[in-house]
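S.K.: Sharing a structure, written as C-alpha coordinates. Questions coming.
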Amino acid sequence: MEQHLKINKNFKAIIVCSRIFTITPISILFYQAHGLSFSQIMIMRIATFLSTSLIELPSGYIGDRIGYKKVVQIGLYLTLLSCLGHIFSDSFTSFMIWKIMWGVGLAMLSGADEAWYYASLMSLGRENQYGNNISEAHSMVQFITAFSLIISSALFFLDIRLPFAFNAIFFCVALVATKNLKDNKQLHNIKSVQGKKNNFSLESIYQIINHTNIYFLFADVLFVSTTIFMFETYQPQMTESNIPVSYFGIIYFLFSLITGFGARFYSFIENKYANVLKFDLKYYFFLVVLQALSSLAVCFFSSNSFIILLIFSIQEFIFGYFRVYSNVAINKNVDNAYRATILSVKSLLNSVFKIIIFMILGKIMDRYYLNTTYVVIALVFLIGGILIGFIAKVNAFIFLFSNRSRE
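When we follow the working numbering, the leftmost residue of the sequence shown carries the number 768, and every step to the right adds one.
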(Lines of atoms letter the chains of each structure in order from A and count residues from 1; the text may use other names and numbers.)
(Lines give C-alpha, C1' and ligand atoms only; values in the text may rest on other atoms or scores of the structure.)
Protein backbone atom coordinates (compact mmCIF):
# COMPACT_ATOMS: atom_id res chain seq x y z
CA MET A 1 0.00 0.00 0.00
CA GLU A 2 1.36 3.42 -0.94
CA GLN A 3 2.49 5.52 1.99
CA HIS A 4 -0.12 8.26 1.56
CA LEU A 5 -2.95 5.70 1.29
CA LYS A 6 -1.81 4.08 4.54
CA ILE A 7 -1.66 7.47 6.24
CA ASN A 8 -5.14 8.44 5.00
CA LYS A 9 -6.66 5.13 6.09
CA ASN A 10 -5.25 5.24 9.62
CA PHE A 11 -5.87 8.93 10.25
CA LYS A 12 -9.47 8.64 9.10
CA ALA A 13 -9.87 5.78 11.57
CA ILE A 14 -8.42 7.96 14.36
CA ILE A 15 -10.43 11.08 13.54
CA VAL A 16 -13.70 9.20 13.04
CA CYS A 17 -13.45 6.79 15.98
CA SER A 18 -12.32 9.46 18.46
CA ARG A 19 -15.32 11.67 17.62
CA ILE A 20 -18.16 9.16 17.83
CA PHE A 21 -19.93 9.50 21.17
CA THR A 22 -22.64 6.85 21.29
CA ILE A 23 -23.37 7.71 24.93
CA THR A 24 -24.75 11.18 24.13
CA PRO A 25 -28.47 10.35 23.81
CA ILE A 26 -28.58 8.16 26.93
CA SER A 27 -26.12 9.82 29.32
CA ILE A 28 -28.71 11.72 31.40
CA LEU A 29 -30.94 8.65 31.63
CA PHE A 30 -27.91 6.57 32.66
CA TYR A 31 -26.99 8.89 35.54
CA GLN A 32 -30.60 9.23 36.66
CA ALA A 33 -30.89 5.43 36.72
CA HIS A 34 -28.01 5.47 39.22
CA GLY A 35 -29.87 7.90 41.47
CA LEU A 36 -28.19 11.17 40.45
CA SER A 37 -30.27 14.34 40.44
CA PHE A 38 -30.35 16.71 37.47
CA SER A 39 -28.33 19.29 39.43
CA GLN A 40 -25.62 16.68 40.10
CA ILE A 41 -25.54 15.84 36.40
CA MET A 42 -25.12 19.54 35.54
CA ILE A 43 -22.30 19.81 38.09
CA MET A 44 -20.52 16.96 36.32
CA ARG A 45 -21.02 18.68 32.95
CA ILE A 46 -19.49 21.89 34.31
CA ALA A 47 -16.59 19.89 35.78
CA THR A 48 -16.02 18.33 32.36
CA PHE A 49 -16.04 21.75 30.66
CA LEU A 50 -13.61 23.15 33.24
CA SER A 51 -11.20 20.21 33.08
CA THR A 52 -11.19 20.46 29.29
CA SER A 53 -10.61 24.23 29.40
CA LEU A 54 -7.74 23.98 31.89
CA ILE A 55 -5.91 21.31 29.90
CA GLU A 56 -6.56 22.64 26.37
CA LEU A 57 -3.61 25.01 26.09
CA PRO A 58 -1.01 22.89 27.96
CA SER A 59 -1.97 19.82 25.89
CA GLY A 60 -1.33 21.63 22.60
CA TYR A 61 1.96 23.02 23.84
CA ILE A 62 3.03 19.57 25.05
CA GLY A 63 2.01 18.07 21.70
CA ASP A 64 4.26 20.51 19.84
CA ARG A 65 7.14 19.51 22.13
CA ILE A 66 6.88 15.73 22.68
CA GLY A 67 4.97 14.81 19.51
CA TYR A 68 1.33 14.59 18.48
CA LYS A 69 1.27 10.79 18.54
CA LYS A 70 1.96 10.58 22.28
CA VAL A 71 -0.65 13.23 23.10
CA VAL A 72 -3.31 11.56 20.93
CA GLN A 73 -2.59 8.19 22.53
CA ILE A 74 -2.82 9.66 26.04
CA GLY A 75 -6.17 11.25 25.14
CA LEU A 76 -7.51 7.97 23.75
CA TYR A 77 -6.39 5.99 26.80
CA LEU A 78 -8.08 8.49 29.13
CA THR A 79 -11.39 8.49 27.24
CA LEU A 80 -11.28 4.69 27.01
CA LEU A 81 -10.70 4.39 30.77
CA SER A 82 -13.54 6.85 31.39
CA CYS A 83 -15.95 4.68 29.37
CA LEU A 84 -14.87 1.51 31.16
CA GLY A 85 -14.99 3.29 34.53
CA HIS A 86 -18.64 4.23 33.99
CA ILE A 87 -19.51 0.57 33.48
CA PHE A 88 -18.26 -0.41 36.94
CA SER A 89 -19.32 2.70 38.91
CA ASP A 90 -22.53 3.66 40.68
CA SER A 91 -21.87 6.77 42.78
CA PHE A 92 -21.72 10.52 42.15
CA THR A 93 -18.08 10.72 43.32
CA SER A 94 -16.86 7.96 41.02
CA PHE A 95 -18.79 9.33 38.05
CA MET A 96 -17.30 12.77 38.73
CA ILE A 97 -13.78 11.28 38.55
CA TRP A 98 -14.54 9.57 35.24
CA LYS A 99 -16.13 12.71 33.78
CA ILE A 100 -13.09 14.81 34.68
CA MET A 101 -10.89 12.15 33.08
CA TRP A 102 -13.16 12.31 30.03
CA GLY A 103 -12.71 16.09 29.83
CA VAL A 104 -8.93 15.84 30.10
CA GLY A 105 -8.88 13.13 27.42
CA LEU A 106 -10.92 15.25 25.03
CA ALA A 107 -8.58 18.19 25.64
CA MET A 108 -5.57 16.03 24.76
CA LEU A 109 -7.26 14.87 21.55
CA SER A 110 -8.53 18.31 20.58
CA GLY A 111 -6.71 19.41 17.43
CA ALA A 112 -3.70 17.13 17.96
CA ASP A 113 -4.97 14.39 15.64
CA GLU A 114 -5.72 16.82 12.81
CA ALA A 115 -2.42 18.66 13.33
CA TRP A 116 -0.64 15.30 13.16
CA TYR A 117 -2.54 14.39 9.98
CA TYR A 118 -1.67 17.69 8.29
CA ALA A 119 2.00 17.32 9.25
CA SER A 120 2.06 13.75 7.89
CA LEU A 121 0.62 14.84 4.55
CA MET A 122 3.02 17.78 4.45
CA SER A 123 5.97 15.40 4.86
CA LEU A 124 4.87 13.70 1.61
CA GLY A 125 4.15 16.98 -0.17
CA ARG A 126 0.44 16.14 -0.24
CA GLU A 127 -0.95 18.78 2.13
CA ASN A 128 -3.21 20.01 -0.69
CA GLN A 129 -5.23 16.79 -0.16
CA TYR A 130 -5.99 17.69 3.45
CA GLY A 131 -9.20 19.59 2.70
CA ASN A 132 -10.82 16.75 0.75
CA ASN A 133 -9.67 14.09 3.20
CA ILE A 134 -10.75 15.92 6.36
CA SER A 135 -14.07 16.73 4.71
CA GLU A 136 -14.62 13.03 4.03
CA ALA A 137 -13.58 12.12 7.60
CA HIS A 138 -15.98 14.63 9.19
CA SER A 139 -18.85 13.46 6.99
CA MET A 140 -18.07 9.86 7.98
CA VAL A 141 -18.26 10.92 11.65
CA GLN A 142 -21.78 12.25 11.15
CA PHE A 143 -23.00 9.28 9.10
CA ILE A 144 -21.60 6.66 11.48
CA THR A 145 -22.80 8.65 14.50
CA ALA A 146 -26.33 8.75 13.08
CA PHE A 147 -26.53 4.95 12.84
CA SER A 148 -24.57 4.28 16.04
CA LEU A 149 -27.01 6.43 18.04
CA ILE A 150 -29.81 4.09 17.03
CA ILE A 151 -27.74 1.06 18.03
CA SER A 152 -26.74 2.73 21.31
CA SER A 153 -30.36 3.50 22.19
CA ALA A 154 -31.31 -0.14 21.55
CA LEU A 155 -28.39 -1.38 23.67
CA PHE A 156 -29.48 0.89 26.52
CA PHE A 157 -32.77 -0.97 26.82
CA LEU A 158 -30.87 -4.27 27.06
CA ASP A 159 -28.44 -3.00 29.69
CA ILE A 160 -27.79 0.64 30.61
CA ARG A 161 -24.01 0.01 30.62
CA LEU A 162 -23.77 -1.37 27.09
CA PRO A 163 -23.61 2.03 25.28
CA PHE A 164 -20.38 2.80 27.20
CA ALA A 165 -18.90 -0.55 26.17
CA PHE A 166 -20.01 0.17 22.59
CA ASN A 167 -18.28 3.57 22.65
CA ALA A 168 -15.12 2.00 24.11
CA ILE A 169 -14.79 -0.17 20.99
CA PHE A 170 -14.37 2.94 18.82
CA PHE A 171 -11.58 4.28 21.06
CA CYS A 172 -9.81 0.89 20.86
CA VAL A 173 -9.92 1.02 17.05
CA ALA A 174 -8.44 4.54 17.11
CA LEU A 175 -5.63 3.38 19.43
CA VAL A 176 -4.74 0.52 17.09
CA ALA A 177 -4.60 2.98 14.17
CA THR A 178 -2.10 5.22 16.03
CA LYS A 179 0.33 2.28 16.25
CA ASN A 180 0.65 2.22 12.46
CA LEU A 181 1.77 5.84 12.08
CA LYS A 182 4.96 7.79 12.63
CA ASP A 183 5.04 10.64 15.11
CA ASN A 184 5.49 14.11 13.64
CA LYS A 185 8.97 14.17 15.20
CA GLN A 186 9.98 11.26 12.92
CA LEU A 187 8.66 12.77 9.70
CA HIS A 188 10.91 14.10 6.97
CA ASN A 189 10.65 17.60 5.46
CA ILE A 190 8.89 18.89 8.57
CA LYS A 191 10.21 21.88 10.44
CA SER A 192 10.64 20.78 14.04
CA VAL A 193 10.46 22.77 17.22
CA GLN A 194 13.96 21.59 17.99
CA GLY A 195 16.35 24.45 17.51
CA LYS A 196 13.68 26.98 18.44
CA LYS A 197 13.68 28.56 21.84
CA ASN A 198 11.38 26.64 24.13
CA ASN A 199 9.78 29.85 25.32
CA PHE A 200 6.02 29.62 25.32
CA SER A 201 5.45 33.10 26.72
CA LEU A 202 7.14 34.90 23.82
CA GLU A 203 7.40 32.97 20.55
CA SER A 204 4.20 30.95 20.92
CA ILE A 205 2.17 34.04 21.79
CA TYR A 206 3.69 35.84 18.80
CA GLN A 207 2.64 32.94 16.57
CA ILE A 208 -0.90 32.98 17.98
CA ILE A 209 -1.43 36.74 17.70
CA ASN A 210 0.48 37.41 14.53
CA HIS A 211 1.44 34.62 12.16
CA THR A 212 -1.84 32.69 12.30
CA ASN A 213 -4.14 35.64 11.68
CA ILE A 214 -5.89 35.50 15.02
CA TYR A 215 -9.24 36.49 13.54
CA PHE A 216 -9.43 32.95 12.10
CA LEU A 217 -9.64 31.65 15.67
CA PHE A 218 -12.23 34.18 16.85
CA ALA A 219 -14.27 33.63 13.69
CA ASP A 220 -14.42 29.90 14.41
CA VAL A 221 -15.27 30.47 18.08
CA LEU A 222 -18.16 32.85 17.33
CA PHE A 223 -19.70 30.67 14.64
CA VAL A 224 -19.31 27.28 16.34
CA SER A 225 -20.29 28.24 19.90
CA THR A 226 -23.33 30.30 18.88
CA THR A 227 -24.54 27.59 16.50
CA ILE A 228 -24.13 24.90 19.16
CA PHE A 229 -26.30 26.92 21.54
CA MET A 230 -28.84 27.32 18.75
CA PHE A 231 -28.97 23.52 18.57
CA GLU A 232 -30.00 23.49 22.25
CA THR A 233 -33.20 25.34 21.29
CA TYR A 234 -34.30 22.63 18.88
CA GLN A 235 -36.14 20.42 21.36
CA PRO A 236 -38.24 23.18 23.01
CA GLN A 237 -38.96 24.75 19.61
CA MET A 238 -40.03 21.43 18.08
CA THR A 239 -42.27 20.83 21.10
CA GLU A 240 -43.78 24.31 20.67
CA SER A 241 -44.32 23.55 16.97
CA ASN A 242 -46.34 20.47 17.99
CA ILE A 243 -43.86 17.91 16.68
CA PRO A 244 -44.41 14.66 18.65
CA VAL A 245 -41.54 13.73 20.98
CA SER A 246 -41.66 10.20 19.57
CA TYR A 247 -40.30 11.63 16.29
CA PHE A 248 -37.27 13.30 17.89
CA GLY A 249 -35.04 10.23 17.52
CA ILE A 250 -35.47 9.95 13.77
CA ILE A 251 -35.26 13.75 13.39
CA TYR A 252 -31.86 13.88 15.12
CA PHE A 253 -30.77 10.89 13.06
CA LEU A 254 -31.58 12.88 9.91
CA PHE A 255 -29.87 16.01 11.31
CA SER A 256 -26.64 14.01 11.77
CA LEU A 257 -26.83 12.86 8.15
CA ILE A 258 -27.44 16.42 6.94
CA THR A 259 -24.46 17.71 8.94
CA GLY A 260 -22.40 14.97 7.30
CA PHE A 261 -23.55 16.06 3.85
CA GLY A 262 -22.56 19.63 4.76
CA ALA A 263 -19.06 18.47 5.68
CA ARG A 264 -18.82 16.47 2.45
CA PHE A 265 -20.02 19.47 0.43
CA TYR A 266 -16.72 21.18 1.24
CA SER A 267 -14.93 18.71 -1.06
CA PHE A 268 -17.30 19.56 -3.90
CA ILE A 269 -16.72 23.30 -3.40
CA GLU A 270 -12.95 22.91 -3.13
CA ASN A 271 -12.69 20.71 -6.23
CA LYS A 272 -14.91 22.95 -8.35
CA TYR A 273 -13.81 26.36 -7.07
CA ALA A 274 -10.23 25.74 -5.96
CA ASN A 275 -8.43 28.92 -4.86
CA VAL A 276 -11.66 30.91 -5.26
CA LEU A 277 -13.52 30.42 -1.99
CA LYS A 278 -10.81 31.18 0.55
CA PHE A 279 -11.16 32.07 4.21
CA ASP A 280 -11.77 35.78 3.76
CA LEU A 281 -14.03 38.15 5.63
CA LYS A 282 -16.63 38.52 2.88
CA TYR A 283 -17.25 34.80 2.56
CA TYR A 284 -17.20 34.30 6.32
CA PHE A 285 -19.70 37.12 6.85
CA PHE A 286 -21.90 35.56 4.17
CA LEU A 287 -22.11 32.35 6.25
CA VAL A 288 -22.71 34.37 9.43
CA VAL A 289 -25.59 36.25 7.78
CA LEU A 290 -27.12 32.95 6.61
CA GLN A 291 -27.15 31.61 10.18
CA ALA A 292 -28.53 34.91 11.51
CA LEU A 293 -31.33 34.98 8.94
CA SER A 294 -32.19 31.35 9.61
CA SER A 295 -32.46 32.17 13.32
CA LEU A 296 -34.82 35.07 12.59
CA ALA A 297 -36.84 32.90 10.22
CA VAL A 298 -37.75 30.61 13.13
CA CYS A 299 -39.61 33.55 14.73
CA PHE A 300 -41.85 33.99 11.67
CA PHE A 301 -42.60 30.31 11.07
CA SER A 302 -42.63 28.95 14.62
CA SER A 303 -46.08 27.39 14.18
CA ASN A 304 -45.24 25.58 10.93
CA SER A 305 -43.49 22.33 11.85
CA PHE A 306 -42.38 21.53 8.27
CA ILE A 307 -40.68 24.91 7.74
CA ILE A 308 -39.10 24.73 11.22
CA LEU A 309 -37.52 21.37 10.39
CA LEU A 310 -36.38 22.76 7.03
CA ILE A 311 -34.72 25.76 8.74
CA PHE A 312 -33.01 23.51 11.29
CA SER A 313 -31.78 21.27 8.46
CA ILE A 314 -30.24 24.28 6.70
CA GLN A 315 -28.49 25.29 9.94
CA GLU A 316 -27.11 21.77 10.35
CA PHE A 317 -25.85 21.73 6.76
CA ILE A 318 -24.11 25.10 7.11
CA PHE A 319 -22.56 24.01 10.41
CA GLY A 320 -21.18 20.79 8.89
CA TYR A 321 -19.68 22.75 6.01
CA PHE A 322 -18.21 25.49 8.20
CA ARG A 323 -16.41 23.08 10.55
CA VAL A 324 -14.34 21.67 7.69
CA TYR A 325 -13.95 25.05 5.96
CA SER A 326 -12.59 26.67 9.14
CA ASN A 327 -10.41 23.67 10.01
CA VAL A 328 -8.66 23.73 6.65
CA ALA A 329 -8.21 27.52 6.71
CA ILE A 330 -6.60 27.50 10.15
CA ASN A 331 -4.29 24.55 9.39
CA LYS A 332 -3.10 26.19 6.18
CA ASN A 333 -2.15 29.39 8.00
CA VAL A 334 -0.18 28.16 11.00
CA ASP A 335 3.48 27.43 11.57
CA ASN A 336 3.88 23.65 11.83
CA ALA A 337 6.01 24.01 14.96
CA TYR A 338 3.08 25.61 16.80
CA ARG A 339 0.17 23.81 15.13
CA ALA A 340 -1.17 21.86 18.14
CA THR A 341 -0.71 24.84 20.47
CA ILE A 342 -2.74 27.09 18.21
CA LEU A 343 -5.49 24.50 17.69
CA SER A 344 -5.64 24.09 21.46
CA VAL A 345 -6.04 27.86 21.83
CA LYS A 346 -8.98 27.62 19.42
CA SER A 347 -10.56 24.84 21.49
CA LEU A 348 -9.92 26.76 24.72
CA LEU A 349 -11.57 29.89 23.33
CA ASN A 350 -14.50 27.77 22.17
CA SER A 351 -14.93 26.27 25.65
CA VAL A 352 -14.76 29.65 27.40
CA PHE A 353 -17.10 31.38 24.95
CA LYS A 354 -19.48 28.41 25.09
CA ILE A 355 -19.74 28.68 28.88
CA ILE A 356 -20.40 32.45 28.65
CA ILE A 357 -22.96 32.25 25.86
CA PHE A 358 -24.75 29.29 27.45
CA MET A 359 -25.09 31.23 30.71
CA ILE A 360 -26.33 34.47 29.12
CA LEU A 361 -28.59 33.03 26.42
CA GLY A 362 -29.77 30.31 28.81
CA LYS A 363 -31.11 32.98 31.18
CA ILE A 364 -32.77 34.83 28.31
CA MET A 365 -34.36 31.56 27.22
CA ASP A 366 -35.68 30.94 30.75
CA ARG A 367 -37.14 34.43 31.22
CA TYR A 368 -38.50 35.25 27.78
CA TYR A 369 -40.13 33.58 24.81
CA LEU A 370 -38.16 31.40 22.41
CA ASN A 371 -38.61 34.04 19.70
CA THR A 372 -36.69 36.54 21.85
CA THR A 373 -33.85 34.04 22.15
CA TYR A 374 -33.68 33.60 18.37
CA VAL A 375 -33.55 37.38 17.85
CA VAL A 376 -30.67 37.64 20.34
CA ILE A 377 -28.87 34.75 18.61
CA ALA A 378 -29.17 36.58 15.28
CA LEU A 379 -27.75 39.75 16.88
CA VAL A 380 -24.84 37.77 18.36
CA PHE A 381 -24.01 36.44 14.89
CA LEU A 382 -24.23 39.85 13.19
CA ILE A 383 -22.50 41.97 15.86
CA GLY A 384 -19.89 39.26 16.37
CA GLY A 385 -19.22 39.12 12.64
CA ILE A 386 -18.62 42.88 12.57
CA LEU A 387 -16.23 42.60 15.54
CA ILE A 388 -14.34 39.82 13.72
CA GLY A 389 -13.84 42.23 10.84
CA PHE A 390 -12.44 44.83 13.25
CA ILE A 391 -10.11 42.24 14.81
CA ALA A 392 -8.89 41.28 11.33
CA LYS A 393 -7.98 44.90 10.55
CA VAL A 394 -6.13 45.29 13.86
CA ASN A 395 -4.39 41.95 13.31
CA ALA A 396 -3.19 43.07 9.87
CA PHE A 397 -1.77 46.27 11.40
CA ILE A 398 0.03 44.32 14.15
CA PHE A 399 1.45 41.92 11.55
CA LEU A 400 2.82 44.81 9.46
CA PHE A 401 4.22 46.67 12.48
CA SER A 402 5.86 43.60 14.08
CA ASN A 403 7.46 42.52 10.80
CA ARG A 404 9.00 45.97 10.34
CA SER A 405 10.29 45.96 13.91
CA ARG A 406 11.90 42.55 13.37
CA GLU A 407 13.71 43.61 10.19
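Glycine is no exception: its CB is placed at the ideal position from the N, C-alpha and C atoms.
1. Look at the alpha carbon of Ile1081 and the alpha carbon of Ser1061, and state the distance between them as a whole number of angstroms.
2. Quick check on the DSSP output: the alpha helix (DSSP H) that includes Asp987 runs from which residue to which?
3. Short of 6 Å in beta carbon distance, which residues of its chain neighbour Val871, apart from the five on each side in sequence? Order them along the chain.
4. Just the Cα atoms here: how many angstroms apart are Thr1140 and Met997?
5. To the nearest angstrom, report how far apart Glu903 and Tyr1033 are at their CA atoms.
6. Taking C-beta to C-beta, are Ala882 and Tyr828 nearer than 8 Å?
7. Enumerate, from N- to C-terminal direction, the unbroken alpha helix (DSSP H) stretches of 4 or more residues contained entirely within the region 784–844.
8. Could you work out which residue in Leu1076, Val940, Asn1138, Ser1093 is closest to Ile781 when comparing CA atoms only?
9. So, at 6 Å on beta carbons, what are the nonlocal neighbours of Phe1020 in its own chain, with the 5 sequence-adjacent residues on each side left out?
10. Does the region 845–855 come within contact of the region 928–937, defined as at least 3 CB pairs closer than 8 Å?
11. Based on Cα-Cα distance, which residue from Leu1110, Asp857, Phe1089 lies nearest to Phe990?
12. If I'm right that Met1184 touches Met809 with Cβ under 8 Å, what's the distance once you round it to whole angstroms?
13. Under the three-state reduction of DSSP, which class applies to Arg893: helix, strand or coil?
14. Within the same chain, show all residues whose beta-carbon is closer than 7 Å to that of Leu824, passing over the 5 residues directly before and after it, in chain order.
15. Let me confirm a value: Asp1133 is counted as buried when at least 16 other C-beta atoms fall within 10 Å, else exposed. Which label applies?
16. If I'm right that Ile793 touches Phe937 with Cβ under 8 Å, what's the distance once you round it to whole angstroms?
17. Quick check on the burial criterion: 16 or more other C-beta atoms within 10 angstroms. Buried or exposed for Thr993?
18. Which residues bound the alpha helix (DSSP H) around Tyr1092?
19. What is the DSSP secondary structure of His771, counted as helix, strand or coil?
20. Could you give the distance in angstroms between the alpha-carbon of Tyr1001 and the alpha-carbon of Trp865?
21. Output the distance between the C-alpha atoms of Gly802 and Phe816, rounded to the nearest integer angstrom.
22. Would you kindly work out how many angstroms separate the C-alpha atoms of Phe1035 and Phe1073, rounded to a whole number?
23. What does the alpha-carbon distance come out to for the pair Ser1023 and Ile790?
24. Using 8 Å as the threshold, is the C-beta distance between Leu948 and Ile774 below it?
25. Return the CA-CA distance between Leu876 and Met907, expressed in angstroms with no decimal places.
26. Do you know how far the Cα of Ser861 is from the Cα of Ile854?
27. Where does the unbroken alpha helix (DSSP H) through Leu876 begin, and where does it stop?
28. Does the beta-carbon distance from Val1095 to Gly898 come in below 8 Å?
29. In three-state terms, what does DSSP make of Asn777?
30. Secondary structure at Phe924, three-state DSSP: helix, strand or coil?
31. Do you know whose CA, among Asn1009, Val1091, Tyr798, Met868, lies nearest Ile841's CA?
32. Report the option in Ile1010, Phe788, Gly1151, Ala1064 whose CA atom is closest to the CA atom of Phe983.
33. What are the start and end residues of the alpha helix (DSSP H) that includes Lys946?
34. How long is the line joining the alpha carbons of Thr1006 and Phe859, rounded to whole angstroms?
M.R.: If we stick to the structure as given:
1. 8 Å
2. 982–999
3. Ser818, Ile822, Leu845
4. 9 Å
5. 9 Å
6. no
7. 794–800, 805–833
8. Val940
9. Ala913
10. yes
11. Phe1089
12. The chain is shown from 768 up to 1174; residue 1184 falls before or after that span and cannot be answered.
13. coil
14. Ser1111, Val1112, Leu1115
15. exposed
16. About 16 Å; that fails the 8 Å criterion.
17. buried
18. 1072–1099
19. helix
20. 29 Å
21. 22 Å
22. 28 Å
23. 15 Å
24. yes
25. 18 Å
26. 11 Å
27. 859–876
28. yes
29. helix
30. helix
31. Met868
32. Gly1151
33. 929–946
34. 31 Å
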